[in-house]
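Residue numbers (the working numbering): 1 to 418. Using N, Cα and C, we set each Cβ at its ideal position, and we do this for glycine too. Because the structure is a prediction, the values reported are computed rather than measured.
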């Protein structure tokens with residue numbers, strides 16, 4: 001049943017989602033890279049910057065509360081195309097503001113529009129790939145997150161030095177229009193796609209089940225939804241911490257200005273990119289080559305990730321730039337591997353027509369966690385100037401989440417929707 005067919009259309013779909021995710025994170029990361037310079041030009045303090053970041057997270061959470069259900073209702077093609085178009089416009093809007101309040105409003109619109117990307121990506125994956133390939137695909141798509149920040153680390157300093165920060169927001173935001181055209185013209189479900197062979201269609205559908213639409217109240221009864229939600233609430237704030245404060249940490253601790261940020265940031269996110277792909281491949285390898293069950297393979301991957309981030313307890317005490325860069329890179333590799341498996345966990349448990357809703361619900365909780373943690377970060381840095389308690393949380397959150405997973409889901413298995 002798992003013999004690979006000749007058709008490769010599903011991998012073109014994967015490439016499209018990878019491109020969308022890359023631009024999604026590129027647009028999100030521009031502010032983080034420019035934060036130190038904009039702080040000097042605009043005049044915000046650490047607490048205000050925390051609020052600006054929180055504005056994105058809160059609106060992202062609000063979007064997540066509804067976007068999954070919308071995608072399940074209107075379909076992936078229309079929903080995904082609209083969300084890319086809207087976040088591209090919101091990203092460009094940053095160029096036309098010049099106060100902390102203005103940036104906060106721009107982040108609100110960006111958060112609302114960007115909230116559709118990962119639910120749409122996971123829904124597309126469940127439509128286009130059999131279950132045993134979804135872990136690899138999730139890793140590739142999640143690598144788009146890292147590719148976005150890698151591209152941002154390369155482009156944003158160069159564009160800003162050459163053209164100014166306003167032009168940088170406009171040019172990076174406009175890239176999304178290319179994916180809008182591609183998505184609308186090419187994406188269809190497998191059974192409606194003219195280029196899909198009968199062999200590939202049978203392969204895609206070989207591990208899918210036909211199920212009726214699922215109501216919110218039915219999903220809320222499943223412990224797996226709440227487990228995924230708690231995991232996202234605990235772990236997503238760590239990603240946002242690195243995304244928005246790593247450039248500021250490097251500037252403060254090692255005196256790295258905007259013009260020299262590219263190489264350290266690219267190194268960190270290249271490592272995390274590798275972690276994303278390896279994180280998707282590793283449990284698949286355990287299942288196919290070592291005869292692990294889905295439950296044991298997935299939990300082994302989570303445990304490895306939780307152990308890999310523990311050295312970041314000492315992150316604020318690193319005195320060598322490149323040692324710090326490598327250690328943060330390893331931590332982010334583990335974070336992205338964790339994220340790949342967390343998203344795939346949803347596909348392991350829920351049918352495809354519930355996937356986007358579950359992912360949206362959990363991601364909403366992750367964004368709310370980001371709201372709270374971002375405000376805490378701003379307050380801690382403004383009052384103490386110390387990153388020590390922040391790194392302590394970043395190092396411990398994964399083991400806490402893994403322990404909860406073991407307790408709440410003793411065995412990962414498909415749920416029966418009745």
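- The DSSP-derived three-state label of residue 77 is helix.
- As summarised for the segment 163–219, the continuous alpha helix (DSSP H) elements at least 4 residues long and confined to that stretch are 165–174, 176–186, 198–205, 216–219, given in chain order.
- Using a C-beta cut-off of 8 Å, the segment 58–67 makes no contact with the segment 152–164, since fewer than three inter-stretch Cβ pairs fall below that distance.
- The Cβ-Cβ distance between residue 160 and residue 250 does not fall below 8 Å.
- Residue 189 is positioned such that its CB atom lies no closer than 8 Å to that of residue 123.
- The segment 378–385 makes contact with the segment 41–51; the number of CB pairs closer than 8 Å reaches 3 or more.
- In the DSSP annotation of this structure, the continuous segment of the alpha helix (DSSP H) that includes residue 12 starts and ends at 9–42.
- Contact check between the segment 164–174 and the segment 291–310: fewer than three CB pairs, one atom from each, fall below 8 Å, which does not count as touching.
- In the assembly as shown, residue 403 is an exposed residue. Its beta-carbon has fewer than 16 other beta-carbons within 10 Å.
- Spatial neighbours of residue 415 in its own chain (CB-CB distance under 7 Å, excluding positions within 5 residues in sequence) are listed in chain order as 222, 224, 349, 350.
- Taking the Cα of residue 143 as reference, the smallest distance to any Cα among 369, 393, 339 is reached at 339.
- Per the Cβ contact rule, the segment 355–370 is in contact with the segment 227–239 (3 or more Cβ pairs under 8 Å).
- As the crow flies, the alpha-carbon of residue 319 is around 11 Å from that of residue 325.
- With fewer than 16 other Cβ atoms from the protein chains shown falling within 10 Å of its own Cβ, residue 15 counts as exposed.
- Rounded to whole angstroms, the separation of the alpha carbons of residue 131 and residue 398 is 25 Å.
- Within the same chain, and ignoring the five residues on either side of residue 111 in sequence, the residues whose Cβ sits closer than 6 Å to its Cβ are 56, 59, 60.
- In terms of Cα proximity to residue 36, the closest of 255, 306, 74 is 255.
- Taking 8 Å as the cut-off, the Cβ atoms of residue 214 and residue 354 count as close.
- Straight-line spacing of the CA atoms in residue 96 and residue 376 works out to 28 Å.
- Between residue 85 and residue 177, the alpha-carbon positions lie close to 6 Å from each other.
- Residues of the same chain with a CB within less than 7 Å of the CB of residue 152, apart from the 5 flanking positions on each side, are 26, 29, 30, 33 in chain order.
- Judged by their CB atoms, residue 80 and residue 102 are not nearer to each other than the 8 Å cut-off.
- Annotated three-state conformation of residue 69 is helix, per DSSP.
- The straight-line gap separating the alpha-carbon atoms of residue 107 and residue 99 is approximately 12 Å.
- The beta carbon of residue 286 sits closer than 7 Å to those of 292, 297, 300, all from its chain and outside the five residues before and after it, given in chain order.
- In chain order, 229, 232, 233 place their CB closer than 6 Å to the CB of residue 365, counting only its own chain and leaving out the 5 sequence neighbours on each side.
- Judged by DSSP secondary structure, residue 298 falls within the alpha helix (DSSP H) whose first and last residues are 294–308.
- Annotation: residue 412 is outside any alpha helix (DSSP H) and is labelled neither H nor E by DSSP.
- In the structure shown, the three-state DSSP call for residue 222 is coil.
- In this structure, residue 137 lies away from residue 7, with their beta-carbon atoms at least 8 Å apart.
- Boundaries for residue 258: no alpha helix (DSSP H) harbours it, and the DSSP string shows neither H nor E there.
- When DSSP states are grouped into helix, strand and coil, residue 387 belongs to the coil group.
- Put simply, of 19, 72, 245 the residue whose alpha carbon is nearest the alpha carbon of residue 378 is 245.
- Listed in chain order, the non-local C-beta contacts of residue 129 below 7 Å within the same chain comprise 10, 137, 204, local neighbours out to five positions each way being set aside.
- Residue 289 and residue 282 have their C-alpha atoms roughly 10 Å apart.
- By the neighbour-count criterion, in which 16 or more other beta carbons inside 10 Å mark a residue as buried, residue 87 falls on the buried side.
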